[in-house]
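Chains as they are written, first to last, in my numbering: chain A, 1 to 311; chain B, 1 to 330; chain C, 1 to 275. Notes follow once the structure below has been shown.
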């Protein structure tokens, strides 16, 4: 298999100015690693504040000016530096954002999908892509505020599909939709993946992620803590206590809530970031640096998973 | 469409009522003045040497012998028939005086209004784009300074620099006041209008630039600009296709609502440059207790202000798709 | 937190400096008022020098004393008119929001009316009605500046009245007066104070303008507007200092106040705590 995107030890921090000339670095993303192969969907699951949207912005190279990114991102084997990202975003690498607020409120849908181009190919491509998602040509003349929730989502996917994307970054593409509508939107991502694109699906909803993705990567407080195939979840082959907790919190698995909260960015925690909430923590957990290491067919960032040798 | 017409109709009725209020308020204020028009215009000494009959005639001319209610009602009656009365100082119909003065003020104000609008928009956008950096600080500093500067003093400074020192533009009063409007050449007019127009433009920029800056910052922080960047749109395209579109509407509205300020500015600027416009006539009428002219100018300028506000409201409805389409669907 | 404190400290510092400076100018103006009227025909039309920093005019009067006296007058009138118009705005804004629909309609109509007449024209008319002079300026400026602040206060009070805790207090039978005192006025205070301070620069500028046009302080008084209006006659003969320094001094005072007002506004606006 050829990976379309590889992210290794990505970290993102922000420079914040305090009084006068004093400044501090606020690290929000600590250590993210993941790989996406062409034709597959990788879901990144994490609660809000875990840094998953920043991952999307980092890949696209659209972080704010006071952000600093370290680590490595490779696109088709080449380092995805700002120059390459600038060249590819919007054409080969596309973003599907959360909602209608991401569309210019004063511009008609058609013009937005075509990015202002008015030539014949652009017009036909726009019409075709709308048609593909069940939207009539009259949609082109609507303004964003006239779209219903489901329509808005399909328009946003259209903005991605109108290009010929090789990598699609979908940042929470389904909030506010009921389960059936959300599933329908997700099947569109499956189609795009089947056409050969790699899809990075960012969501807080594990259940939704499991219903469409091939692999799931779980993020906690700016770190990837587990990577597993969807089938591993059903077979009990998940090892990190947070992943297990997420799994057990699903309605069909007993609805068990997780107590505590994840640490805020800038809060100083040594060792495992999840340790304060972990039922199985040991002394080592709070002191040692925990590596993200292969376990079975995936990766886990947990001392106990390795020690226990559960494979 | 029907909805919009109803909206405009309601606004027009409200505007007419407000104008009526304005005329009444202006009349009451001038009428309440303890300043005796005879003393101001004829002079204590001259009055003393006049016969009783002459004084009675003067009183009748200046209207001081008529009860206020009757004066106002007859003025109002005249207005309804299209007669604004006769200016006591200029000895011409008020409508004619206002017409002439407005014609010469109009170009001044229109030029300053358009120039300050465009310049303010561009400066505000530039400041918003460079938030916190030196262009932003420079533009904000300029706006703060200008809005703290009396318009007439700025006019005096420009007069000192361009007319006295550099001698590029004439010092006011060089168009003879009595000259027939036909004998003044177009070049003359332009030459006399440049400095006043420049002064008004310089001051008009501050307000709109600051508002546009705030709006620009909001827009640049918005999700749709982030998405436009994610879609690989160039900075230029983002600026002209998205920012300008979203920032222009509030800016234009604000500019229409700022007509009151530009008229106020023109009063002061015309006084400094001795520019024979409406503002100067207002000052002359006020100082000389020329009630009909003062009333006429107040009502006409108030109508311009209300007209500007109405235009802003209607424009918003016509341009903003949310209002336009929202209204038509109801 | 730290940042907030520093912002606050710098604002307090600025308010103190502004206050001190204004007090100093006011005092200097009062002390120098005699000197400002003193004519000395041997010292006519002097360009600025060490003995006369701002030069002298055609009657040999020291322009520095005249400027300071004028500024002192402007500051006192500015403070008085800003206070009167702000209190007027507070009363009318609150009345419009609390005394029922009819009162609201009348007051809102008056606000629209006042804002419809170009500001300088309105000040002119009111000043005329009061017979010009000191009374005319004070009445003109204070009676024409309340509408925009009144509008802000009106909408603020309307919003506050919808707040759950005020509705709860009403249901609990707390008297209207008590609600107004204990809940509404406290919340209006920051709005009111910044409004008051931001009125000041406008008031000073309008006082100068209206005096300049001849509707304000009488020509015998060394007000900035009078000084600048007189200077116009001598500008063509190159007496630039007659206009430059008095105007510049006025601009500096106004800027100082505008900056202070802006700092206070930012400080009192809770939404800006993190900036």
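The beta-carbon is built from N, C-alpha and C at its ideal position, and this holds for glycine as well.
Report, in whole angstroms, the separation of the C-beta atoms of residue 65 (chain C) and residue 26 (chain C), which I expect to be a contact under 8 Å.
Stepping through the third chain from its first residue, residue 65 (chain C) is reached at position 65. Stepping through the third chain from its first residue, residue 26 (chain C) is reached at position 26. The pair is not a contact, with the Cβ atoms about 14 Å apart (cut-off 8 Å).
Can you tell me whether residue 28 (chain A) is helix, strand or coil according to DSSP?
Along the first chain, one-based indexing puts residue 28 (chain A) at 28. Of the three classes helix, strand and coil, the one that applies to residue 28 (chain A) here is strand, per DSSP.
The segment 138 to 155 of chain A contacting the segment 107 to 121 of chain A, beta-carbon criterion three pairs below 8 Å:
yes
Okay, do the segment 113 to 126 of chain A and the segment 185 to 200 of chain A touch, 3+ Cβ pairs below 8 Å being the bar?
no
Which same chain residues, not among the five before or five after residue 177 (chain B), have their C-beta less than 6 Å away from its C-beta?
Residue 177 (chain B) sits at position 177 when you count from the first residue of the second chain. For residue 177 (chain B), the predicted structure reports a pLDDT of 46, less than 50, and the residue's modelled location is therefore unreliable. A value from the coordinates is still provided. Within the same chain, residue 177 (chain B) has no close Cβ partners at all.
Taking the alpha helix (DSSP H) that residue 128 (chain A) falls in, what are its first and last residues?
Position 128 of the first chain, counting from 1, holds the residue named residue 128 (chain A). First-last of the alpha helix (DSSP H) with residue 128 (chain A): 120 to 132.
Which same chain residues, not among the five before or five after residue 174 (chain B), have their C-beta less than 6 Å away from its C-beta?
To locate residue 174 (chain B), count along the second chain from 1; it is residue 174. At residue 174 (chain B), the pLDDT of 43 sits below 50, so the modelled position is not reliable; the number obtained from the coordinates is stated separately. Cβ within range, chain order: n/a, list empty.
With distances taken Cα to Cα, identify the nearest neighbour of residue 52 (chain A) among A:218, A:245 and A:272.
Position 52 of the first chain, counting from 1, holds the residue named residue 52 (chain A). Closest by alpha carbon: A:218.
Determine the contact status of residue 220 (chain C) and residue 137 (chain C), defining contact as a CB-CB distance below 8 Å.
Taking the first residue of the third chain as 1, we reach residue 220 (chain C) at position 220. Taking the first residue of the third chain as 1, we reach residue 137 (chain C) at position 137. It is not a contact, given that the beta carbons lie outside the stated cut-off.
Of all Cβ atoms in chain B, is any one closer than 8 Å to the Cβ of residue 151 (chain A)?
One-based indexing of the first chain puts residue 151 (chain A) at position 151. Closer than 8 Å: no.
Chain-order list of residues whose beta-carbon lies under 7 Å from that of residue 82 (chain C) (same chain, five-residue window excluded):
Your numbering for residue 82 (chain C) matches position 82 in the third chain. Within the same chain, residue 82 (chain C) has close Cβ partners 196, 199, 200 and 203.
Note down the Cα distance separating residue 43 (chain C) from residue 35 (chain C), rounded to an integer number of angstroms.
As a position in the third chain, residue 43 (chain C) is number 43, starting the count at 1. As a position in the third chain, residue 35 (chain C) is number 35, starting the count at 1. Spanning the two alpha carbons is a distance of roughly 14 Å.
Thinking just about the alpha-carbon of each residue, which of A:72, A:287, A:265 and A:302 is nearest to the one in residue 280 (chain A)?
On the first chain, residue 280 (chain A) is found 280 positions in, with the first residue counted as 1. Nearest C-alpha to residue 280 (chain A): A:302.
Quick check on the burial criterion: 16 or more other C-beta atoms within 10 angstroms. Buried or exposed for residue 69 (chain B)?
Looking up residue 69 (chain B) in the second chain gives position 69. Its Cβ having fewer than 16 others within 10 Å, residue 69 (chain B) is exposed.
Mind checking residue 112 (chain C): buried by the 16 CB within 10 Å criterion, or exposed?
Numbered from 1 along the third chain, position 112 holds the residue referred to as residue 112 (chain C). Counting Cβ neighbours within 10 Å, residue 112 (chain C) comes out buried, since at least 16 surround it.
Count the other CB atoms, across all protein chains shown, that sit within 10 Å of the CB of residue 64 (chain A); report buried if there are 16 or more and exposed otherwise.
As a position in the first chain, residue 64 (chain A) is number 64, starting the count at 1. It is exposed - the Cβ of residue 64 (chain A) has fewer than 16 other Cβ atoms within 10 Å.
Less than 8 Å separating the beta-carbons of residue 317 (chain B) and residue 111 (chain B)?
Here residue 317 (chain B) corresponds to residue number 317 of the second chain, with the count starting at 1. Here residue 111 (chain B) corresponds to residue number 111 of the second chain, with the count starting at 1. It is not a contact, given that the beta carbons lie outside the stated cut-off.
Does the structure place the segment 93 to 110 of chain C close enough to the segment 229 to 238 of chain C that three or more beta carbon pairs sit under 8 Å?
no
Residue-chain proximity (residue 14 (chain C), chain B), Cβ-Cβ < 8 Å
In the third chain, the residue the question calls residue 14 (chain C) occupies position 14. Chain B contact via Cβ: absent.
Under 8 Å between the Cβ atoms of residue 36 (chain A) and residue 296 (chain A)?
Locating residue 36 (chain A) in the first chain gives position 36, counting from the first residue. Locating residue 296 (chain A) in the first chain gives position 296, counting from the first residue. Taking 8 Å as the Cβ cut-off, residue 36 (chain A) and residue 296 (chain A) do not qualify as a contacting pair.
Exposed unless 16 or more other CB atoms sit within 10 angstroms - verdict on residue 143 (chain B)
Within the second chain, the letter at position 143 stands for residue 143 (chain B). Burial call: buried.
Could you give the C-beta distance for residue 170 (chain A) and residue 189 (chain A), rounded to a whole number, given that I count them as a contact under 8 Å?
For the purposes of this step, residue 170 (chain A) is taken as residue 170 along the first chain, with counting starting at 1. For the purposes of this step, residue 189 (chain A) is taken as residue 189 along the first chain, with counting starting at 1. Correct: roughly 6 Å between the Cβ atoms.
Taking 8 Å as the cut-off, decide whether the C-beta atoms of residue 140 (chain C) and residue 123 (chain C) are in contact.
One-based indexing of the third chain puts residue 140 (chain C) at position 140. One-based indexing of the third chain puts residue 123 (chain C) at position 123. Result yes, Cβ atoms of residue 140 (chain C) and residue 123 (chain C) sit closer than 8 Å.
Limits of the beta strand (DSSP E) - the one that residue 294 (chain A) falls within:
Counted from its first residue, the first chain places residue 294 (chain A) at position 294. It spans 293 to 295 - the beta strand (DSSP E) in which residue 294 (chain A) sits, taken as one unbroken run.
Examine chain B for any beta-carbon lying closer than 8 Å to the beta-carbon of residue 71 (chain A), and answer yes or no.
Position 71 of the first chain, counted from the start, is the residue given in the question as residue 71 (chain A). Chain B contact via Cβ: absent.
By alpha-carbon positions, which one of C:68, C:74 and C:41 ends up nearest to residue 59 (chain C)?
Looking up residue 59 (chain C) in the third chain gives position 59. Nearest option by C-alpha distance: C:41.
Could you work out which residues of chain A lie near residue 242 (chain B), taking near to mean beta carbons separated by less than 7 Å?
Numbered from its first residue, the second chain carries residue 242 (chain B) at position 242. Near residue 242 (chain B) (Cβ distances below 7 Å), the residues of chain A are 104.
Would residue 266 (chain B) and residue 195 (chain B) be called neighbours here (beta carbons separated by less than 8 Å)?
Here residue 266 (chain B) is taken as the residue at index 266 of the second chain, counted from 1. Here residue 195 (chain B) is taken as the residue at index 195 of the second chain, counted from 1. No, the Cβ-Cβ distance between residue 266 (chain B) and residue 195 (chain B) is not below 8 Å.
Answer with buried or exposed for residue 255 (chain B), where buried requires no fewer than 16 other C-beta atoms within 10 angstroms of its C-beta.
Here residue 255 (chain B) refers to the residue found at position 255 when the second chain is read from its first residue. So residue 255 (chain B) counts as buried.
Using only the alpha-carbon positions, how far apart do residue 98 (chain B) and residue 292 (chain B) sit?
One-based indexing of the second chain puts residue 98 (chain B) at position 98. One-based indexing of the second chain puts residue 292 (chain B) at position 292. Approximately 11 Å, taken between the alpha carbons.
Using a Cβ distance threshold of 8 Å, determine whether the segment 32 to 47 of chain A contacts the segment 207 to 214 of chain B, with at least three qualifying pairs required.
no
Below 8 Å, can you find three or more Cβ-Cβ pairs linking the segment 88 to 98 of chain C to the segment 49 to 58 of chain C?
no
Does the Cβ-Cβ distance between residue 88 (chain B) and residue 113 (chain B) come in under 8 Å?
On the second chain, position 88 is the one that residue 88 (chain B) refers to. On the second chain, position 113 is the one that residue 113 (chain B) refers to. Not a contact, by the Cβ cut-off of 8 Å.
Would you please state the rounded distance, in angstroms, between the beta carbons of residue 228 (chain C) and residue 152 (chain B)? I believe it to be under 8 Å.
Working through the third chain from its first residue, we reach residue 228 (chain C) at position 228. Working through the second chain from its first residue, we reach residue 152 (chain B) at position 152. Confirmed, Cβ separation roughly 7 Å.
Would you kindly work out how many angstroms separate the C-alpha atoms of residue 127 (chain A) and residue 154 (chain A), rounded to a whole number?
Numbered from its first residue, the first chain carries residue 127 (chain A) at position 127. Numbered from its first residue, the first chain carries residue 154 (chain A) at position 154. Approximately 13 Å, taken between the alpha carbons.
What does residue 267 (chain B) touch in chain C if you count any residue whose Cβ is under 9 Å from its own?
Counting from 1 along the second chain, the entry for residue 267 (chain B) is found at position 267. Residues of chain C passing the Cβ test: 118, 120, 121, 124, 209 and 213.
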